[in-house]
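**Q**
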Amino acid sequence: MGLKIIILAAGQGTRMKSDLPKVLHPLGGLPMIGHVVRVAFALEPAQVCVVLPPEDQRITSTLKQLFPQQPLTFATQDKPLGTGHAVQSALHVLDDISGDDILILCGDTPVLDTQTLAFMIQEKAQAHDEAPWLYSMNVSHDNAYGRIKVDHEGRGLGIVEAACTTEEERNITLCNTGVMLVPGYLLKSFLMQMKPSASGEFYLTDLISFCAHQDQKAHILIGPQENFCGINTRVELAQAENHLQTRWRTHMMEAGVTLMDPASVYFSYDTIIGKDSVIYPHVYFGTQVILGERVTIRPFSMLMGATLDSDTRVGPCAHLRPGAHLKEGARVGNFVEVKNTVMEAGAHADHLTYLGDSHLGKNAAIGAGTITCNYNGFKKFPTHIGAEAFIGSNTTLVAPVKIGDGAIVAAGSVVTHDVAPDALVFARAKQTQLQGYGKKFKEKAKT
Ligand code: UD1
Ligand code: CA
165 MGLKIIILAA GQGTRMKSDL PKVLHPLGGL PMIGHVVRVA FALEPAQVCV VLPPEDQRIT
225 STLKQLFPQQ PLTFATQDKP LGTGHAVQSA LHVLDDISGD DILILCGDTP VLDTQTLAFM
285 IQEKAQAHDE APWLYSMNVS HDNAYGRIKV DHEGRGLGIV EAACTTEEER NITLCNTGVM
345 LVPGYLLKSF LMQMKPSASG EFYLTDLISF CAHQDQKAHI LIGPQENFCG INTRVELAQA
405 ENHLQTRWRT HMMEAGVTLM DPASVYFSYD TIIGKDSVIY PHVYFGTQVI LGERVTIRPF
465 SMLMGATLDS DTRVGPCAHL RPGAHLKEGA RVGNFVEVKN TVMEAGAHAD HLTYLGDSHL
525 GKNAAIGAGT ITCNYNGFKK FPTHIGAEAF IGSNTTLVAP VKIGDGAIVA AGSVVTHDVA
585 PDALVFARAK QTQLQGYGKK FKEKAKT
């Protein structure tokens, strides 16, 4: 018996009040649905099918880009006629599911974690009956989740959607997470007979009462609410982000990273940090950031697409952009921006600098206020700064330009031509001093 996974993402998501499809709203740098698909593939299923609305290609193209190597299939639900109808659409593209277990996930429930789902799959494999398995959560306050009715043994009798509850049913705290695992043949027979609700929607949740009538009352697992929160609104989007960030912060600290003020550090889903690194408060990690061991990131820094080898140091208030690569012991200080630039071991730019499309040799020292002028308004050009070179403060390096190994550029220079190794270059106006003229000028100005 194989595992196939259906991810529902064809709903309209109107409650987000957005032009962007709901499931493409990002969390920790990854579109909401990307989180669900990642978890799905971690379970090593035979097939994953995402159910999408017609015409809008944005979700398909995003997912193809994110998961180019994976066996992802797409089904179209012509009209958003409900979650049951959405599952039916998936059967048109999946290979016959009769002999498989089908895991159904919602594209708007992205805080899932693999272990929790693997646990359900394992429990089903060990069960003595063929009944479906459903993840529930206890939600105490007034909420929009479906309420689960159970018998005296805690087995599922049915789900009542929030909009259809009586006052008494509204007080049920056991809620549907939307995650269920159903034998394919049972799912097929449910879909063949399902009827629309009063609102005209075909509810997948009716599967639970259908199975109860077949003497296959669902097994109900209870999971932590934060792993299953569904996102219908921007408020819930922010809550889900918060749950993910909390999870990642905990993982980082458990892996040996010091976070001085965890709540003020923002990670992306793919952030990698080596042990004994120290992250000061208020640091933002965009996607594709890799840090080695013993890296220090001082406050108010923003990093994305950057690689920092071990023993490097960044910030405070630094901006590392895609292609920034600091090799061992390199340093970047306050108000320094680095883009598409390799800094070899020990190279450092400690203050007020822009380094773009550059290569800095070993131990190159960049003075305060140095700017690589890499862009002429049309094209980008490279700057090479040799090993052990010293760039004086307030230097403008007009690319393309090369500074040889060991060269010194005097402060305040505008460098437009290559500098030879070990040369000392002045590229600034000569200082002229007119003795006593300051005083004379003032006296004249007074009259
Ligand atoms: C659904 C469940 C509810 C559960 C909650 C958990 C149903 C009827 N209700 O409610 O019991 O507590 O999730 O978060 O299943 N979708 C489609 N096609 C459709 C309608 C929806 O693909 O025609 C997709 C949506 O894109 C979404 C998911 O199914 O990813 C759930 O739909 P949504 O409308 O958000 O259902 P809820 O009201 O949240
Ligand atoms: Ca929902």
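Each residue of the sequence shown is one higher than the last, beginning at 165 in my numbering.
We put the beta carbon where it would ideally sit given N, CA and C, even for glycine.
(1) What residue does the alpha helix (DSSP H) around C375 start on, and which one ends it?
(2) Under a Cβ-count criterion, where at least 16 other Cβ atoms within 10 Å of its own Cβ denotes burial, should K181 be classed as buried or exposed?
(3) Would you call the region 411 to 421 and the region 165 to 177 in contact, with 3 or more CB pairs under 8 Å?
(4) Here's the rule I'm using: 16 or more other beta-carbon atoms within 10 Å means buried, otherwise exposed. How should D379 be labelled?
(5) What are the boundary residues of the beta strand (DSSP E) that includes L267?
(6) Within the same chain, show all residues whose beta-carbon is closer than 6 Å to that of F499, passing over the 5 residues directly before and after it, in chain order.
(7) Between which two residues does the alpha helix (DSSP H) harbouring M284 extend?
(8) Given 6 Å as the limit, tell me if L172 has its C-beta closer than that to any heavy atom belonging to ligand 1.
(9) For L423, which beta-bridge partners are listed by DSSP?
(10) Out of V459, T451, S432, Q452, which has the shortest C-alpha to C-alpha gap to Y444?
(11) On the DSSP bridge list, what partners appear for E501?
(12) Considering only residues of the region 288 to 376, which uninterrupted beta strand (DSSP E) runs meet the minimum length of 3 residues and lie entirely inside it, listed in chain order?
(13) Report the rounded CA-to-CA distance for G320 versus A327, giving the unit in angstroms.
(14) Cα separation between T341 and S300?
(15) To the nearest angstrom, how far is the alpha carbon of D473 from that of L467?
(16) Taking DSSP as the reference, what is the three-state secondary structure of G181?
(17) From the DSSP secondary-structure annotation, give me the bridge partner or partners of P195.
(18) Excluding sequence positions up to five away, which residues of its chain have a Cβ less than 6 Å from the Cβ of S522?
(19) Excluding sequence positions up to five away, which residues of its chain have a Cβ less than 6 Å from the Cβ of V324?
(20) Between which residues of its own chain and A308 is the CB-CB distance below 6 Å, once the five residues before and five after are set aside?
(21) Classify G510: buried if its beta carbon has 16 or more other beta carbons within 10 angstroms, exposed otherwise.
(22) Who are the Cβ neighbours of I268 in its own chain at under 6 Å, not counting the five residues just before and after it?
(23) Check whether the Cβ of N396 lies closer than 6 Å to any heavy atom of ligand 2, and answer yes or no.
(24) The beta strand (DSSP E) with T224 in it runs from where to where?
(25) Could you tell me the distance, in whole angstroms, from the CA atom of A551 to the CA atom of D586?
(26) Start and end of the beta strand (DSSP E) containing Q380?
(27) Only counting the same chain, and skipping five residues up and downstream in sequence, which positions put a Cβ closer than 6 Å to that of G533?
(28) Ligand 1 and Y518: does any heavy atom of the ligand fall closer than 6 Å to the residue's C-beta?
(29) Is any heavy atom of ligand 2 found at a distance shorter than 6 Å from the C-beta of D272?
(30) Out of D440, K439, G469, E331, which has the shortest C-alpha to C-alpha gap to F449?
(31) Is there at least one non-hydrogen atom of ligand 1 closer than 6 Å to the beta-carbon of L230?
(32) Quick one: using the 10 Å Cβ neighbour count with 16 as the cut-off for buried, is R222 buried or exposed?
(33) Is the region 246 to 264 in contact with the region 358 to 374, if contact means three or more CB pairs nearer than 8 Å?
(34) For I197, which residues from the same chain have a beta carbon less than 6 Å from its beta carbon, with the 5 sequence-adjacent residues on both sides left out?
**A** In this structure, then:
(1) That run of the alpha helix (DSSP H) goes 370 to 377.
(2) exposed
(3) no
(4) exposed
(5) 265 to 270
(6) C481, L516
(7) 278 to 290
(8) yes
(9) Paired residue(s): I443.
(10) V459
(11) H483, Y518
(12) Fully enclosed beta strand (DSSP E) runs of 3 or longer: 297 to 302, 311 to 314, 320 to 324, 338 to 347.
(13) 19 Å
(14) Rounded to whole angstroms, T341 to S300 spans 5 Å at the Cα level.
(15) 14 Å
(16) Note that residue 181 corresponds to Lys in the displayed sequence, not to Gly. In this structure, K181 counts as coil in the three-state DSSP scheme.
(17) Answer is P190, bridged to P195.
(18) T505, T536, T547
(19) R311, E333
(20) A326
(21) buried
(22) I170, M344
(23) yes
(24) Where T224 is concerned, there is no enclosing beta strand (DSSP E), although the alpha helix (DSSP H) it sits in stretches over 222 to 230.
(25) 10 Å
(26) Note, Q380: premise wrong, no beta strand (DSSP E); not H, not E.
(27) L516, S557, N558
(28) no
(29) The answer is yes for D272.
(30) G469
(31) Taken from the Cβ of L230, every heavy atom of ligand 1 lies 6 Å or farther away.
(32) Classification of R222: exposed, given that the 10 Å Cβ count is below 16.
(33) yes
(34) A173, V187, G271
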